[in-house]
Amino acid sequence: MPQSRRYWLVKSEPTVFSIHDLAKSPKRTTGWDGVRNYQARNFMREMTVGDLVLFYHSNADPPAVVGVAEVVRPAYPDDTQFDRASHHYDPASTPAAPRWDMVDIKHRETFQAGVSLDRLRGEPKLKGMLLLRKGSRLSVQPVTESEWATVLKMAGAKTGT
DNA sequence: GCCAACGTTGGC
DNA sequence: GCCAACGTTGGC
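Okay, so the first sequence: first residue is 23 according to this note's numbering, each after it adds one.
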C-alpha cells in the first residue's frame, strides 16, 4: 500500500518570492532553497513527490495562504550553502557533508482570493494549526488532512484532497 | 550543560 | 520601525 499523500505549508515573503513568481518560473517549478532551520529542513526531508503544499505569504498585507504547490522532487543538497556569494552561504557546510537540503515545488493553483491570517484565526476548525501558534516561526511545516481540507474550502480552491 | 548575547522571523 | 518569540553560538 502506497504511503498516502501528506500536506505541508511553506512561507515566503512576496517581495522576495511570491506565488506569482512561482507561477512564472520555468515549468512553474522552483527549488525551495535557503531554508536554514533544522526543523524546517527535517520536514523537507520527509516530503515525497506528490505531496501538496500551501503557499503562504508572510510579511505581507495581509499575511495569507495564497495558493497550492506540489512537491516534484524530494530533498537534495541546497547548492546555495556552498556559494560564497550567496546570502545563504554556510561556511560550516561541505559538499561531502551537506547540511542543508531543498526540494522542488511546482505551482498548482493561485487562489482567486487568498485566505488571510485573520480568517484562519477565526476558523474554529483550525484552532490547533501550527501556523497560528503564538511565536511560531517555522518556514516549512506539516498540515493535517483536516486543516488542508478546511483551508482549501475557505479558499474556494479547485485543488482537492 | 548552562545561559547570556546575538541574530532572525514575522505580525503589527 | 518595534518588539516578542524563538534559534543558534560560544564562553565558561
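No residue lacks a Cβ here, since even glycine has one placed at the ideal position from N, Cα and C.
Judged by DSSP in its simplified three-state form, alanine 97 adopts strand. One Cα belongs to glycine 53, the other to phenylalanine 104, and the distance between them is close to 15 Å.
A buried status is given to tyrosine 78, since no fewer than 16 other beta-carbon atoms sit within 10 Å of its beta-carbon.
The beta carbons of valine 75 and tryptophan 30 sit closer together than 8 Å. Taking the C-beta atoms as reference points, glutamate 169 is found no nearer than 8 Å to leucine 139. Contact check between the segment 122-141 and the segment 84-94: three or more CB pairs, one atom from each, fall below 8 Å, which counts as touching.
Segment contact: the segment 149-157 against the segment 54-68, fewer than three CB-CB distances shorter than 8 Å; contact not assigned. Burial is judged here by how many other beta carbons sit within 10 angstroms of a residue's own beta carbon; alanine 62 has at least 16 and is buried. Between the alpha carbons of leucine 142 and alanine 177 lies a gap of roughly 10 Å.
Runs of the alpha helix (DSSP H) lying entirely within the segment 125-150, each at least 4 residues long, are 139-143 in chain order. The continuous stretches of beta strand (DSSP E) do not include histidine 42, which lies in the alpha helix (DSSP H) extending over residues 41-46. Residue state for serine 80 is assigned as coil, using DSSP reduced to three classes.
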